[in-house]
Each structure stands twice: as C-alpha cells, then as structure tokens.
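Peer 1: This is the structure I have questions about; it appears just below.
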Amino acid sequence: MHFDIYSSPGCSKCKLTANRLRAVEYHGEPVHTVNLIDVTVTPGAHEKALELSGGVKTLPIVQASNGEIWTEFRVDRLKHYGA
C-alpha cells in the first residue's frame with residue numbers, strides 16, 4: 195500500500211504517522227511506501243491537501259492508494275493498516 199502524507203516541517207503527528215506506517219513489515223519486507231509531501235515548499239501541495247481534506251487544515255492529511263483519506267493522527271486508521 196502507498197500513502198501520501200501532506201505535512202509541514204516540525205509536525206510531530208505527521209512524522210509519527212509516517213514512521214508507524216513505514217515500520218510495518220511482512221517477513222522482513224516493508225508493506226507500505228510513504229511519501230511525505232511538505233505543503234510549505236511543494237508547489238500545489240497546500241491546495242491539493244485542502245481539496246483532499248474538504249478544507250480541513252489540520253495536518254497530517256493522509257491519502258492511501260486505495261482512495262481512503264483522513265486527517266489528524268488517527269490510531270484507528272493506523273491500526274487498520276497494521277501500524
């Protein structure tokens with residue numbers, strides 16, 4: 195599974211979300227790939243994050259490759275993906 199995580203520098207919840215997803219392994223192989231997208235420097239990322247979240251400005255904004263989107267640090271969503 196692939197995850198795009200819209201984040202900003204210093205966002206501890208963003209880093210924690212990414213680290214938990216990256217830590218999931220199956221027989222020593224990573225299960226997830228994670229792309230951290232800095233909304234403060236990546237052109238168009240801020241607008242895309244707002245579009246995905248329906249205007250919610252709280253980071254992280256996470257988009258899974260299956261189409262699921264969530265905002266905030268969500269333990270329930272991380273557990274769903276084994277993290």
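Reminder that position 43 of the sequence shown reads as 237 in my numbering, one-by-one numbering, no gaps. Just so you know, even glycine gets a beta-carbon here, dropped at the ideal spot from N, CA and C. Small disclaimer: the values here were computed from a predicted structure and weren't measured.
1) Could you spell out the range, first to last residue, of the beta strand (DSSP E) harbouring A156?
2) From the DSSP output, read off the bridge partner residues of H196.
3) Tell me whether V250 sits in a helix, a strand or coil according to DSSP, three-state version.
4) With 16 other CB atoms within 10 Å as the buried threshold, where does V256 fall?
5) Going by alpha carbons, who is nearest to L210 out of L230, H221 and E219?
Peer 2: Concretely, from the data shown:
1) The requested residue 156 does not occur in the structure, where the chain is confined to residues 195 to 277.
2) Beta-bridge analysis with DSSP links H196 to T227.
3) In this structure, V250 counts as coil in the three-state DSSP scheme.
4) Buried, because 16 or more other Cβ atoms sit within 10 Å of the Cβ of V256.
5) The candidate whose alpha carbon is nearest that of L210 is L230.
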